[in-house]
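Contents: one structure, followed by commentary.
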Amino acid sequence: MAGRKPLPTQVKLLRGTAQRCRMNPDEPAPDPSLPDAPTHLSPEAREEWDRVAGELYDLGVLSAVDRAALAAYCQAYGRWVAAERELRREDGSMNLISVTSNGNVIQNPLVGIANKSLELMHKYLTEFGMSPSSRTRVGAKKKTGEKKGFAAL
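Quick note: the sequence shown uses our numbering, first residue 49, plus one each step.
Structure below.
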């Protein structure tokens with residue numbers, strides 16, 4: 049069936065749009081936790097895991113069941129970084145086209161890898177509320193005693 053994906057109850061509560069008649073009483077509610085990074089992550093992916101996992105946990109949007117989704121995001125990030133690095137390295141500039149053995153000009157396959165990785169990253173970014181527009185739709189738990197922005201001055 050077509051249409052929007054149903055929102056988790058926690059997201060509805062954080063947005064202030066929760067209505068008892070629209071909630072799933074049997075919806076699973078995993079406890080927030082900080083899972084260990086999978087060992088198969090590339091170095092770039094592991095660096096991204098270390099950068100975002102703690103932040104997501106602090107916001108209350110990461111649990112042990114989210115480990116695979118976060119790992120998939122981080123691997124896509126790692127592939128994107130690797131593809132962009134290779135595109136720059138080939139001749140010292142952005143080598144966006146290649147010439148086949150028949151003399152046909154085609155898009156460098158690394159451009160496709162980079163673009164597909166960006167698409168996957170975007171899907172996971174929105175699931176975790178890590179893009180500016182998705183962040184406006186998801187609230188987060190505030191830490192008591194911490195001040196941000198001008199209030200910290």
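The beta-carbon is built from N, C-alpha and C at its ideal position, and this holds for glycine as well.
{"Item": "Can you check which of these residues, Gly160, Ile145 and Val159, is closest to Val153 by C-alpha distance?", "Value": "Ile145"}
{"Item": "On the DSSP bridge list, what partners appear for Ser146?", "Value": "Ile154"}
{"Item": "Quick one: what does DSSP say Ser90 is sitting in, helix, strand or coil?", "Value": "coil"}
{"Item": "Contact check, Leu82 vs Phe176 under 8 angstroms by CB: the rounded distance?", "Value": "About 14 angstroms; that fails the 8 angstroms criterion."}
{"Item": "Looking at the strands, I want to know which residues DSSP matches up with Pro80.", "Value": "Ser111"}
{"Item": "Where does Ser165 fall in DSSP's three states?", "Value": "helix"}
{"Item": "Thinking Tyr125 and Glu96 are a contact (beta carbons under 8 angstroms), I'd like their distance in whole angstroms, please.", "Value": "4 angstroms"}
{"Item": "When you compare each of Leu107, Arg63 and Ala66 to Asp79 by their alpha carbons, which one comes out closest?", "Value": "Leu107"}
{"Item": "Going by alpha carbons, who is nearest to Ala162 out of Met178, Met142 and Asn150?", "Value": "Met142"}
{"Item": "Can you give the Cα-Cα distance for Met71 and Arg136, rounded to whole angstroms?", "Value": "49 angstroms"}
{"Item": "Using the three-state DSSP reduction, which class does Gly126 fall into: helix, strand or coil?", "Value": "helix"}
{"Item": "For Gly140, does the three-state DSSP call read helix, strand or coil?", "Value": "coil"}
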